[in-house]
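As structure tokens, the structure follows; a few thoughts come after it.
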Amino acid sequence: MSLLAIIGGSGFATMPALQVSEARTVDTPYGATSAPLLRGQLGKREVLFLPRHGAAHHLPPHCVNYRANLWALRAQGATQIVALAAVGGITPRFSPTTLAIPDQIIDYTYGRDHTLYDGTSAGVDHVDMTAPYCEALREALISACARVGQAVVADGTYGATQGPRLETAAEIRRCERDGCDLVGMTGMPEAGLARELGLCYASLAFVVNWAAGKSDGIITMQEIEDNLAGCAERIVTVLTSLAAQIASTTTIND
Ligand code: HPA
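Going left to right, the sequence shown walks through residues 21 to 274 as the working numbering numbers them.
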């Protein structure tokens, strides 16, 4: 039995398309989750939903309790997790309002609780991260986009930066030299923790601005909010199609 969970990012503190049947506060060994876990119907399928930055969008990326969030989702039965991610576009294919399903990550974050193996419990497992996202779920997302007629870039390297400030132009040039196409602030440690927990995790990213130095002007919140609003309905359409198909198209940790 598979259960899809959606982690909402910026622009997705709530998901009005979800018909909520339950809001549950889950105790975890790592403390509180960003918000109670919502269970409800998206289209005809049951899904879990958790807003990463809290229901009031009060948690900046470095203050999110990623360990608690992922642990709680698994404890509530989630097998597949789609992480929504508002991102900046670095390389030309990733212009604002582009939907993308990245296939690689580089982690530039620091000081976050990034592992379940924190020396307080027995042992350590060095999980493989060669392919950091669950390929079966990436493919299911790509198919969902095709079914609902949404163009998507089906690959790309996501650079996870610390935030909450945006990057300097030189930092973005370094990310580009490293091979990053996209930049966001939450992709790590989320993806690594999902792997440690054996969860099938993929990201549906949407570009809300050109990254620093990639356009003529500075980055404004207005621009980000306008592009977020422009992407929201398309993302819900993709997620609804994904939820309808997921049981028959994916298996865990493919
Ligand atoms: N940088 C980092 N994170 C982001 C950006 C950005 O330009 N846009 C949206 N999230």
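The beta-carbon is built from N, C-alpha and C at its ideal position, and this holds for glycine as well.
Short note on GLU187: C-beta closer than 8 Å to some heavy atom of the ligand HPA. GLU216 is not a Cβ neighbour of VAL203, given a cutoff of 9 Å. For TRP230, DSSP records a beta bridge to GLY109.
By the Cβ neighbour-count rule, TYR221 is buried, with 16 or more other Cβ atoms within 10 Å of its own. With distances taken between CA atoms, GLN61 lies nearest to PRO36 out of ALA55, PRO36 and CYS83. Here the segment 108-121 lies against the segment 164-177, with 3 or more beta-carbon pairs under 8 Å apart.
For PRO209, the enclosing alpha helix (DSSP H) starts and ends at 207-216. When the five nearest sequence neighbours on each side are left out, the beta carbons in the same chain lying within less than 7 Å of the beta carbon of ASP127 are those of ALA180 and MET208, in order along the chain.
The shortest C-alpha to C-alpha distance from SER30 to any of ALA189, ALA106 and PRO122 is the one to ALA106. When the five nearest sequence neighbours on each side are left out, the beta carbons in the same chain lying within less than 6 Å of the beta carbon of HIS77 are those of ALA33, in order along the chain. Using a Cβ distance threshold of 9 Å, VAL227 and GLY63 do not count as a contacting pair. Annotation for ASP127: the continuous beta strand (DSSP E) segment containing it runs 124-127. Assignment of beta-bridge partners to VAL102 by DSSP yields ILE26 and ALA222.
The nearest non-hydrogen atom of the ligand HPA is less than 8 Å from the C-beta of ALA232. The beta-carbon distance between ASN89 and SER54, rounded to whole angstroms, is 6 Å. This is short enough to meet the 8 Å contact definition.
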